[in-house]
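Worksheet: the structure to be examined is printed underneath.
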Amino acid sequence: MMFDAVLTVDWSGGNDRGKSPKRDAIWTCIGRNGVAEKPIYHRNRQDAEIYILDTLKNERHAGRRILAAFDLCFAFPHGFAEKLTGNPDPLALWDWFEERVEDSPTKNNRFDLAARINAQFPGVGPFWGNGLQRDIPDLPRKGTNRADHGFPEKRKTDVVAKGAFSPWQLAGAGAVGSQVIMGFPTLSRIRNRLSRDVTVWPFETPDSDIVLAETYFSLLPQALAGHTHPIKDAAQVSLYAATFSGLSNAAWAELLEHDADDEGWVLGLGKEHLLTSTLAPPPLRNDCFALPQGAHWTPVDEALDHLRENLQPVTGTETVAVYDAAQRVLAADAIAQRSHPPAPNSAVDGYALLGPLPPGSHAIPLVAGRAAAGFPFEGTVPDGHAVRILTGANMPAGTDTVILQEDVTATDTHIALHGPIKSGANSRRAGEDMQAGRAILKAGRKLTAADLGTMTAVGISEVSVRSRLRVGVLSTGDELRNPQEGADAGQIFDANRPMLLANLKAWGFDAIDLGRAPDNRAKLRKILTKGAARCDAMLTSGGASAGDEDHMSALLQDTGTLALWRVAMKPGRPLALGIWDGVPVFGLPGNPVAAQVCALVFAYPALHLIAGAGWRTPTGYQLPAAFSKSKKAGRREYLRARIHDGQVETFASEGSGRISGLSWATGLVELPDAAITVAPGELVHYIPFAGFNV
360 MMFDAVLTVD
370 WSGGNDRGKS
380 PKRDAIWTCI
390 GRNGVAEKPI
400 YHRNRQDAEI
410 YILDTLKNER
420 HAGRRILAAF
430 DLCFAFPHGF
440 AEKLTGNPDP
450 LALWDWFEER
460 VEDSPTKNNR
470 FDLAARINAQ
480 FPGVGPFWGN
490 GLQRDIPDLP
500 RKGTNRADHG
510 FPEKRKTDVV
520 AKGAFSPWQL
530 AGAGAVGSQV
540 IMGFPTLSRI
550 RNRLSRDVTV
560 WPFETPDSDI
570 VLAETYFSLL
580 PQALAGHTHP
590 IKDAAQVSLY
600 AATFSGLSNA
610 AWAELLEHDA
620 DDEGWVLGLG
630 KEHLLTSTLA
640 PPPLRNDCFA
650 LPQGAHWTPV
660 DEALDHLREN
670 LQPVTGTETV
680 AVYDAAQRVL
690 AADAIAQRSH
700 PPAPNSAVDG
710 YALLGPLPPG
720 SHAIPLVAGR
730 AAAGFPFEGT
740 VPDGHAVRIL
750 TGANMPAGTD
760 TVILQEDVTA
770 TDTHIALHGP
780 IKSGANSRRA
790 GEDMQAGRAI
800 LKAGRKLTAA
810 DLGTMTAVGI
820 SEVSVRSRLR
830 VGVLSTGDEL
840 RNPQEGADAG
850 QIFDANRPML
860 LANLKAWGFD
870 AIDLGRAPDN
880 RAKLRKILTK
890 GAARCDAMLT
900 SGGASAGDED
910 HMSALLQDTG
920 TLALWRVAMK
930 PGRPLALGIW
940 DGVPVFGLPG
950 NPVAAQVCAL
960 VFAYPALHLI
970 AGAGWRTPTG
980 YQLPAAFSKS
990 KKAGRREYLR
1000 ARIHDGQVET
1010 FASEGSGRIS
1020 GLSWATGLVE
1030 LPDAAITVAP
1040 GELVHYIPFA
1050 GFNV
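Per my numbering, numbering of the sequence shown is gapless, rising by one per residue and ending at 1053.
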């Protein structure tokens, strides 16, 4: 990528907004490889400037190239910089404002400074919008009161950008001017403090480690690609961080093509097509399932390798509360918001003091009071003294060691104990478990109940996750019936659909019941088309071979994407794979035992991969066999099995028509492709169903 990371900044010209996240405040977000981290709220410009500088320095020191994209005008309309400063360079205007703006979290001089600027020009204006109660000479309250100041109302880029406001307006809805006046000093300091590594687009060639650019967070709608948040500003910085960081080098080359003038330009304006192409992961290639020419019987490992190498995530991202994040897939690393423990604390009940203590007997005076969890000791413990402390309490100032209460004799005023005692005994260091600012869980992880507790412990309230994969399940065949319908001698009940839907729910996906399709190609085509509009992937069973009634294979063949795999395995063999309206279709065998085994062996890892959770290999064990078996070379076999007295026994029949064996079993014995003879007591590879999360 042209940029390894993108920092998006939604700026504000107002005063301190308080501790709680609010709209119309400063928000930032980091994006990498098309995935945005959690948006960060900044209560004031001072806090935001420190964060932005630290972030840019850290990225540079890590050897990463970063774009900082500000929703903030980088220049005023043509001619203003030169007439005010004598220099046409708009970057000199940044320095001019940096020297004159007075800014604190609660007040600033932007209105008075704008009035002084207005006084230097003929007529009235250009700045307007006095937001203070007192009148300010030379600063009209309304834009209609201005006249003959000699400057354009908007820049060319503001005219092109639909809905953009004039940078002269300082108060009221759309007060862009206040953001600009209060933003230039920050931009100036960033540029000057990192001058060797910073360039500003489009005024300078963007060939440095850090590039600053102006953008406009209304080019793209907020809800695209799942970037939703109760606060619109947060959703927008997330959306743009993901969008810009996911651009290809070719897209960047086109995006950065612009002839500079003293007005600048909004990055992405007029080239929105380059941005919208990154809002969702790219679709799977139509040939992603195609095996090499000449393949006939495909070994299981080759089939799995092919899926792993040719599939990629198809889901977007969204932000959810940690409490709602179970079984969701992290789209970005989870970053600790504070350390755990947040402060040094006691691991036991006892007495806190400053260590070490040498060998021998010690009588140590106690200070009044105690430290308990949630009720820290106030003050400092003098050297040579101790204080009562309970498990989990913060270590009082002046202490670093805890003596276990069972190891002392205590009175109201003293404790007696024997040394030696090491410094730091029975105390926990701040951050010894997890440190603030560090990634505690990596992107791609499917979150467990324990993960939710871990994230909450370090102050994480929301996480960026992959949109939940939507998988449809469709059964095909005229012979199928639902149990409530009854069935005659020539019909069977549809066992596959409830079984596969249950698999998907256990895997944390949205399971969508697409019902049954008759052996009618036209009707099946309509069902697939409707399913593709609702689903990210589809599992079908039946019609996956090459017979007259195998309509699934025939329809996928018509799309030009059919890959009819003959996998060298038992049970299973036929797998019809293809793309329908951009959605991958896994055509499983119609036999319930074969359908379930193929779903576990192939669909389980493949669906997790396209869900963004990475390739999943089920955990298996080597256990002694309680059965005898001899098989020929040439195919892999999966036997329904369970554990009894520490050994693996197999179902009485290997016939795939015996569906009751799936309920009898607790897992599968996997026998290799090669010829093998298994005798009782020999080790076999057993994969529990729990290894497939079912």
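A virtual CB, placed ideally from N, CA and C, is assigned to each residue, including glycine.
In angstroms, rounded to a whole number, what distance separates the CA positions of residue i and residue j?
i	j	result
G438	W453	15 Å
S912	C647	16 Å
A582	P464	With a pLDDT of 46 at A582, under the threshold of 50, the modelled position of this residue cannot be trusted; read the value that follows with caution. In a straight line, the C-alpha of A582 is about 32 Å away from that of P464.
A584	K442	Its pLDDT being 47, under 50, A584 is placed unreliably in this model, and the value from its coordinates should be taken loosely. So the alpha carbons of these two residues sit roughly 44 Å apart.
K882	A876	7 Å
G536	W455	16 Å
R644	V830	18 Å
N468	A892	55 Å
F435	D517	10 Å
L614	G629	9 Å
A958	T899	10 Å
P930	S1015	7 Å
P449	E458	15 Å
R999	L811	35 Å
D837	K988	37 Å
T1055	R856	In the structure as shown, the chain begins at 360 and stops at 1053. Residue 1055 is therefore absent and cannot be evaluated.
A610	T674	21 Å
F1051	V365	37 Å
N608	T387	24 Å
E1029	T1009	11 Å
I1046	V1037	17 Å
E418	S820	25 Å
N446	A440	6 Å
Determine whether the beta carbon atoms of residue i and residue j lie at a separation below 8 Å.
i	j	result
P703	R788	yes
G1020	S1012	yes
F576	D430	yes
F486	A473	yes
M928	R994	yes
H617	P544	no
I549	I399	no
R475	N489	no
V944	L915	yes
A685	L626	no
A695	A802	no
A407	L415	no
R402	G377	yes
D462	I495	no
A727	V740	no
T558	D566	yes
D872	R827	no
A600	T367	yes
Provide the residue(s) that pair with residue i in DSSP beta bridges, ordered along the chain.
i	result
P933	R925
K805	V688
R339	In the structure as shown, the chain begins at 360 and stops at 1053. Residue 339 is therefore absent and cannot be evaluated.
S900	S834, L947
P672	Partner(s): none; P672 has no beta bridge.
F734	A731
V783	Reading off the sequence shown, one finds Gly at residue 783, where the question assumed Val. G783 is not bridged to any residue.
H1003	Q1006
E613	Answer is none; E613 lacks a bridge partner.
Y400	W386
H1044	Q981, E1029
H420	DSSP, once it has assigned bridges, lists no residue as partnering H420.
Does the beta-carbon of residue i, which I'm using as the reference point, lie nearer than 7 Å to any heavy atom of the ligand COA?
i	result
S604	This structure simply doesn't include the ligand COA, nor any ligand for that matter.
### Query
Would the stretch 714-721 and the stretch 763-777 be scored as touching if the rule is three or more Cβ pairs under 8 Å?
Short answer: they touch.
### Message
Closer than 8 Å is the cut-off here; do at least three beta carbon pairs connect the stretch 781-798 with the stretch 653-672?
### Response
No, because fewer than three Cβ pairs between the stretch 781-798 and the stretch 653-672 fall closer than 8 Å, the two stretches do not touch.
### Message
For the structure I just gave you, are there three or more beta carbon pairs, one from the stretch 507-516 and one from the stretch 546-562, closer than 8 Å?
### Response
Cβ pair count under 8 Å is below three, so no.
### Query
Is there contact here, the stretch 1017-1031 with the stretch 966-973, by at least three beta-carbon pairs under 8 Å?
Three or more Cβ pairs closer than 8 Å define a contact, and the stretch 1017-1031 falls short of that threshold against the stretch 966-973.
### Task
Specify whether the stretch 725-742 and the stretch 751-765 touch according to this definition: at least 3 beta carbon pairs, one from each stretch, less than 8 Å apart.
Counting C-beta pairs with one atom in each stretch, the stretch 725-742 and the stretch 751-765 have three or more that are closer than 8 Å, which means they touch.
### Task
Mind the definition here: the stretch 952-967 touches the stretch 835-851 only if three or more C-beta pairs lie below 8 Å; say whether that holds.
These segments do not touch.
### Query
What are the complete beta strand (DSSP E) segments, minimum 3 residues, inside the stretch 516-595?
As far as the stretch 516-595 is concerned, its whole beta strand (DSSP E) runs of at least 3 residues are 557-559, 569-573.
### Every unbroken beta strand (DSSP E) within the stretch 938-1001, with a cutoff of 3 residues, ordered by chain
Counting only runs of 3 or more residues that sit fully inside the stretch 938-1001, the beta strand (DSSP E) segments are 942-947, 980-983, 988-990, in chain order.
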